[in-house]
Amino acid sequence: MNSIRIIGHAFRFVVIMAMQVLFMHSLVLFDTGFCFIYLAFLLFLPIQMPPVLLLLLAFVTGFSLDIFYDTGGIHAAATVLLAYLRPYILLLLTPRDGYDQNDSVNLHMMGWRWFLVYSFILIFLHHLTFFFLELAGIKLIGFTLLKIIVSTLFTGIVMIIIQLLFFARRRSSR
Numbered sequence: 001m002n003s004i005r006i007i008g009h010a011f012r013f014v015v016i017m018a019m020q021v022l023f024m025h026s027l028v029l030f031d032t033g034f035c036f037i038y039l040a041f042l043l044f045l046p047i048q049m050p051p052v053l054l055l056l057l058a059f060v061t062g063f064s065l066d067i068f069y070d071t072g073g074i075h076a077a078a079t080v081l082l083a084y085l086r087p088y089i090l091l092l093l094t095p096r097d098g099y100d101q102n103d104s105v106n107l108h109m110m111g112w113r114w115f116l117v118y119s120f121i122l123i124f125l126h127h128l129t130f131f132f133l134e135l136a137g138i139k140l141i142g143f144t145l146l147k148i149i150v151s152t153l154f155t156g157i158v159m160i161i162i163q164l165l166f167f168a169r170r171r172s173s174r
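Going by full-length UniProt numbering, the sequence shown opens with residue 1, and the numbers climb by one from there.
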């Protein structure tokens, strides 16, 4: 990974975290749907990212939010699980020709079906972990499952909008 890409990912991290802390924290749909846009940083990283680096970035991302939201490690635990499962989901969704060395997760490059399956599986697993850790048990399981489903849809739709607005439409020749 060259230094320009590293700077780009660092800039993306700062922008996404600022959006999450400043705007998305108060954006809630009917006290049920929450938008965790910070997951976009982890989901949109290059496919060939080394697993240890991915886990470290996930921990830093989740821990940063835990500091701002005072959630006691719940974000860190859920994001580390997401980072741990990401390579397995990518392996499960590998195209027939495989991935290119420099591929990043991109709706325009990978296609709608691939992107929707990839993102919604990982977002759902993150939200499942997050909301059940927040609940600290299985009481109110019906409302918690509703929060998981609505929040997964809300976060997924916002990520699709981000992909459509800010990501390149065609493969770059770098």
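Idealized CB from N, CA, C, for every residue including glycine.
Q) Which whole-angstrom value is the C-beta distance of L55 and V80, which I expect to be below 8 Å? A) Locating residue 55 in the sequence shown gives position 55, counting from the first residue. Locating residue 80 in the sequence shown gives position 80, counting from the first residue. Their Cβ separation, rounded to whole angstroms, is 6 Å, which keeps L55 and V80 in contact under 8 Å.
Q. Nearest-angstrom Cα distance between I123 and S104?
A. Indexing the sequence shown from 1 puts residue 123 at position 123. Indexing the sequence shown from 1 puts residue 104 at position 104. When rounded, the distance between both Cα atoms is 17 Å.
Q. If you drop the 5 nearest sequence neighbours on each side, which residues of the same chain put their C-beta closer than 7 Å to that of T61?
A. Taking the sequence shown and counting its residues from 1, one reaches residue 61 at position 61. Short of 7 Å from the beta carbon of T61, and not among the five residues preceding or following it, lie these beta carbons of its own chain, in chain order: Y38, F41, L42, T79.
Q. Pick from L93, G142, F132: whose alpha carbon is nearest that of W114?
A. Walking along the sequence shown from the start, residue 114 turns up at place 114. Among L93, G142, F132, the Cα nearest to that of W114 is on L93.
Q: Let me know the alpha helix (DSSP H) ranges lying completely inside the segment 17-86, each 4 residues or longer, listed in chain order.
A: Listed in chain order, they are 39-43, 51-69.
Q: Measure the C-alpha to C-alpha separation of M49 and L125 and round it to an integer number of angstroms.
A: Within the sequence shown, residue 49 is the residue found at index 49, counting from 1. Within the sequence shown, residue 125 is the residue found at index 125, counting from 1. Whole-angstrom Cα-Cα distance: 20 Å.
Q | Close-in-space but distant-in-sequence residues of the same chain around V21 (CB under 7 Å, 5 per side omitted) | A | Taking the sequence shown and counting its residues from 1, the one referred to as residue 21 is at position 21. Hits under 7 Å: F68.
Q | Buried versus exposed, by CB contacts within 10 Å (16 or more), S119 | A | If you number the sequence shown from 1, residue 119 lands on position 119. The residue is buried, with at least 16 neighbouring Cβ atoms inside 10 Å.
Q) With a Cβ-Cβ cutoff of 8 Å, do F34 and V28 count as a contact? A) Taking the first residue of the sequence shown as position 1, residue 34 is located at position 34. Taking the first residue of the sequence shown as position 1, residue 28 is located at position 28. Yes, they are a contact pair.
Q: Can you grab the Cα-Cα spacing for the pair E134 / I47, in whole Å?
A: For the purposes of this step, residue 134 is taken as residue 134 along the sequence shown, with counting starting at 1. For the purposes of this step, residue 47 is taken as residue 47 along the sequence shown, with counting starting at 1. Distance between the alpha carbons of E134 and I47: 30 Å.
Q. With 16 other CB atoms within 10 Å as the buried threshold, where does S3 fall?
A. Counting from one through the sequence shown, the residue named residue 3 turns up at place 3. The residue is exposed, with fewer than 16 neighbouring Cβ atoms inside 10 Å.
Q: Would you mind giving the Cβ-Cβ distance between D66 and A58, rounded to the nearest angstrom? I have them listed as a contact below 8 Å.
A: In the sequence shown, the residue the question calls residue 66 occupies position 66. In the sequence shown, the residue the question calls residue 58 occupies position 58. By a beta-carbon distance limit of 8 Å, D66 does not contact A58. Their separation comes to about 12 Å.
Q) What runs of the alpha helix (DSSP H), each 4 residues or longer, lie entirely inside the segment 89-162? A) For the segment 89-162, whole alpha helix (DSSP H) runs of length 4 or above, ordered along the chain, are 107-110, 112-135.
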